[in-house]
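Using this note's numbering, you'd call the opening residue of the sequence shown number 31 and step up by one each time.
Backbone N, C-alpha and C define an ideal beta-carbon position, used for all residues, glycine too.
Report on the following structure.
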Amino acid sequence: MVCLTFYGGVDEIGGSKILLEDQDTKIFLDFGMGFGSRGRFFEEFLTPRTANGIGDFLAMDLIPDIQGVYRTDLLTHYGRDPEKPEIDAVILSHAHADHANYVSFLHESIPIYCGETTKSILEAVEEQSRRGMENEVLNFKKRPLYRKDYRKPAVKRIFKTFRTGDRIKIGSLEIEPVHVDHSVPGAYGFIIHTSKGAVVYTGDLRLHGSNPGLTLDFMEKAKESKPIAMITEGTRINIEKDDSTEQTVYDTARKIVNGSSGLVIADFNFKDVDRFKTFYEIAKESDRTLVIGFKHACFLERYASDKKLDVPSSDGENIMLFKPKLATGTYDDADYSNYQFIKDRLDYPNILTADEIKRNQKKYLIVLNFWYFNNLIDLKPENGEYIHSLSEPFNEEMGISFERMKNWIDYFDLRFSQAHCSGHAPRYGLNKIIREINPGKLYPVHTEHPEIFRKYFDNVIIVKKNIRFDI
Ligand SMILES: [Zn+2]
Ligand SMILES: [Zn+2]
31 MVCLTFYGGV DEIGGSKILL EDQDTKIFLD FGMGFGSRGR FFEEFLTPRT
81 ANGIGDFLAM DLIPDIQGVY RTDLLTHYGR DPEKPEIDAV ILSHAHADHA
131 NYVSFLHESI PIYCGETTKS ILEAVEEQSR RGMENEVLNF KKRPLYRKDY
181 RKPAVKRIFK TFRTGDRIKI GSLEIEPVHV DHSVPGAYGF IIHTSKGAVV
231 YTGDLRLHGS NPGLTLDFME KAKESKPIAM ITEGTRINIE KDDSTEQTVY
281 DTARKIVNGS SGLVIADFNF KDVDRFKTFY EIAKESDRTL VIGFKHACFL
331 ERYASDKKLD VPSSDGENIM LFKPKLATGT YDDADYSNYQ FIKDRLDYPN
381 ILTADEIKRN QKKYLIVLNF WYFNNLIDLK PENGEYIHSL SEPFNEEMGI
431 SFERMKNWID YFDLRFSQAH CSGHAPRYGL NKIIREINPG KLYPVHTEHP
481 EIFRKYFDNV IIVKKNIRFD I
C-alpha cells in the first residue's frame, strides 16, 4: 500500500509537508512553514510562545500532531513524553522557508536530504538570523526545563546532500532527484519509485525562467517513469498566461537605470540568484556600483563558491557593502559586536556608508529591502528611482505593508516601477508540464485553487488536510 497525507500546502501557497508511506517506510516531502496558516492567527508582536515548547504550534495546527516526529526537548517542554522517531527521512525540494523551515521542530535523528545548494543557502540564512524555534534548521540548542542546562552545545542535524543523477535508497523507496528551474538556485523535483510504481513531486517550478532546460529535464525523466501519481504545485493555476521573463525584468530595469540621474534603489529577494545577476549586469553596464547589505553578502559568498552559478563574491568588481548605523551611530566596530555576520566582515576593503552614497547618488545602484527603508533618511535620495522587483501583494496583510512602502516612496519622491518575473509557472506552463508527464492521478498542492485543475484534467484528487489518501 502506498499512501499520501498532506499536512500542509493544502488550500494554501506553501507550508508543504507531505507524508509518503510505502509498506514500513515513511518519508516527508518538504516540511515548511505555512505563512498563510501562521498569519491567520499570528503577526509581528503576537507569536507562538516558545515558553510552551511545541504546544502553541500543535494547538493552532501549524504543525501536525503526529507521533514519532518531534524534538524531545520541545515535547518535554510541553509536558509530553519523548517519542522514538518513526520517520525515515525528510526530503527537501528547495531552500524557501515555506518548504524547509519547520525542519526546526524535527527530531535530530531524522536525516534531512537536500541538494548541495539548498544546504549552503540554509547556512547563509542561519549565519544572519537570530536563533528562534522556527528557524533552527541546521542545528538547535536544546530547550530544557532548567536554566542551568541552557549552556549545553548545539545539536547538529544529519544532512545528506544529493545532486541530479543520484539515486537515494530509503527503505522500500528509491528517490531520484532531478533539478528544476525556480526562483532559488538548487531546486529539485523528485521521482519516487515505490513498490506500486513511480510517484512524482514537482516542488516549485517554472518554464519561463533563465534555465527552462532544468525543468524540461525533469519533465522528460518524470514522463519516462510512467508515474502512477503526481503531486504538483499549483501556485499560479489561476493565472492563464504571463509574458514576464528574467529578460523582461532586465529590459525594464535597465531602461530605468540608464535614464536616471539620481540614486537607483532595487528591492528583490537575494535567494534569487538570477535576479542578482540581472541587477549586477545592469549596474556594470551603466557604470554604477552595486551596493548590497551584509546579509546579502552571506548569500553571495556561498553562491560564488558554486562554480555552476557563475557569480562574483562580495568582494567582486563593482560591488560594495553598505554599513548600517547601529548602537552609537558612529560606525564604531564595537557597535556590531552583537551582529556576528557583520563583525566577521568589518575588515573588507569595499565597505561604504550612507554619507558616501548620498554625495554621489548617480554612481550607485543599491539593493535595499523594505525592512531597511529607514536608511532612506540618511541616503536622502534626490531624483531617485525605486524598482520593486518582487511579486505584487496577493493578500490583505501584504497589501498593508505595500501601502506603507508606498508612503516611504512618496515621502522621498522616488519614482516607483515594477519589474518582476515569478518563480512559478502560470496555468499555461503547469498544464504543459502535467500533460507531458501524464500521471495516473494528480494531486495539486501549494495552491488556493486546486479545483481549477479539474477543468483541464479528469484524474484530479482534491486533497484535504491531515487525511490519508491511498494511491
Ligand atoms: Zn513554495
Ligand atoms: Zn519556492
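* To do: Please go through the segment 370-432 and give each complete alpha helix (DSSP H) segment of 4 or more residues, from N-terminal end onward.
  => Complete alpha helix (DSSP H) runs here, min 4: 370-373, 384-389, 406-409.
* Proximity test, Ile43 beta-carbon vs ligand 1 heavy atom, cut-off 8 Å -> The sequence position of residue 43 within the sequence shown is 13, counting from 1. For ligand 1, a non-hydrogen atom lies closer than 8 Å to the CB of Ile43.
* To do: Return helix, strand or coil for Asn496, following the three-state DSSP convention.
  => Taking the first residue of the sequence shown as position 1, residue 496 is located at position 466. Assigned with DSSP and collapsed to three states, Asn496 falls in coil, not helix or strand.
* **Whole-number beta carbon distance between Ile43 and Phe69, since they are thought to touch under 8 Å** => Position 39 of the sequence shown, counting from 1, holds the residue named residue 69. Position 13 of the sequence shown, counting from 1, holds the residue named residue 43. Rather than Phe, the amino acid found at residue 69 in this sequence is Gly. The Cβ separation is near 11 Å, so there is no contact.
* Asked: If you compare alpha carbons, which of Lys256, Arg110, Tyr100 is closest to Gly227?
  -> As a working note, residue 227 is residue 197 in the sequence shown. The residue from Lys256, Arg110, Tyr100 with its alpha-carbon nearest to that of Gly227 is Lys256.
* Report, in whole angstroms, the separation of the C-beta atoms of Met260 and Ile96, which I expect to be a contact under 8 Å. => Within the sequence shown, the letter at position 230 stands for residue 260. Within the sequence shown, the letter at position 66 stands for residue 96. The C-beta distance from Met260 to Ile96 rounds to 24 Å, too long to meet the 8 Å contact threshold.
* Are at least three pairs of beta-carbons, each pair with one atom in the segment 356-365 and one in the segment 384-399, less than 8 Å apart? -> With the cut-off at 8 Å, the segment 356-365 and the segment 384-399 do not touch.
* Quick one: grab the DSSP three-state call for Asp111. => One-based indexing of the sequence shown puts residue 111 at position 81. Here Asp111 carries a coil assignment [DSSP, helix/strand/coil].
* Would you kindly report the start and end of the unbroken alpha helix (DSSP H) that includes Met249? => Locating residue 249 in the sequence shown gives position 219, counting from the first residue. Note, Met249: alpha helix (DSSP H), 242-254.
* **Inter-residue Cα distance where the pair is Tyr37 and Phe329** => Taking the first residue of the sequence shown as position 1, residue 37 is located at position 7. Taking the first residue of the sequence shown as position 1, residue 329 is located at position 299. Going by the C-alpha atoms only, they are around 30 Å apart.
* To do: Would you mind giving the Cβ-Cβ distance between Val418 and Ser452, rounded to the nearest angstrom? I have them listed as a contact below 8 Å.
  => Against the sequence shown, residue 418 aligns to sequence position 388. Against the sequence shown, residue 452 aligns to sequence position 422. Correcting the residue type first, residue 418 is His in the shown sequence and not Val. About 14 Å; that fails the 8 Å criterion.
* Rounded straight-line distance, which links the Cα of Leu59 to that of Ala384 -> As a working mapping, residue 384 is identified with position 354 in the sequence shown. As a working mapping, residue 59 is identified with position 29 in the sequence shown. Straight-line measurement puts the Cα of Leu59 at about 44 Å from the Cα of Ala384.
* To do: Would you check whether ligand 1 has a heavy atom nearer than 8 Å to the C-beta of Asp95?
  => The residue given as residue 95 occupies position 65 in the sequence shown. It does not: the Cβ of Asp95 is nowhere closer than 8 Å to a heavy atom of ligand 1.
* Decide if Thr219 is buried, meaning its Cβ has at least 16 other Cβ atoms within 10 Å, or exposed. => As a working mapping, residue 219 is identified with position 189 in the sequence shown. Here the sequence assigns Gly to residue 219, which means Thr is not the residue at that position. Burial call: buried.
* Hey, out of Glu311, Gly359, Thr232, whose CA is closest to Gly346's CA? -> On the sequence shown, residue 346 is found 316 positions in, with the first residue counted as 1. Checked all of Glu311, Gly359, Thr232; the closest Cα to Gly346 is Glu311.
* **Check whether Lys325 and Phe300 have beta carbons under 9 Å apart** => Here residue 325 refers to the residue found at position 295 of the sequence shown. Here residue 300 refers to the residue found at position 270 of the sequence shown. Yes.
* Asked: Quick one, which of Ile349, Val133, Glu415 has its alpha-carbon nearest Val294's?
  -> Numbered from its first residue, the sequence shown carries residue 294 at position 264. Among Ile349, Val133, Glu415, the Cα nearest to that of Val294 is on Glu415.
* **For Gly227, the three-state DSSP class (helix, strand or coil)** => Translated into the one-based positions of the sequence shown, residue 227 becomes position 197. DSSP places Gly227 in strand when its eight states are reduced to three.
* From Asp86, Ile267, Lys186, pick the residue whose C-alpha is nearest to that of Asp41; which is it? -> If you number the sequence shown from 1, residue 41 lands on position 11. Residue Ile267 is the option with its Cα nearest to Asp41.
* To do: Return helix, strand or coil for Leu136, following the three-state DSSP convention.
  => Here residue 136 corresponds to residue number 106 of the sequence shown, with the count starting at 1. In the displayed model, Leu136 falls within a strand according to three-state DSSP.
* Measure the alpha-carbon distance for Tyr369 versus Glu74 and round it to whole angstroms. => On the sequence shown, position 339 is the one that residue 369 refers to. On the sequence shown, position 44 is the one that residue 74 refers to. Cα atoms of Tyr369 and Glu74: separation of roughly 21 Å, rounded to the nearest angstrom.
* To do: State the start and end residues of the unbroken beta strand (DSSP E) segment that holds Tyr143.
  => Position 113 of the sequence shown, counted from the first residue, corresponds to residue 143. First-last of the beta strand (DSSP E) with Tyr143: 142-145.
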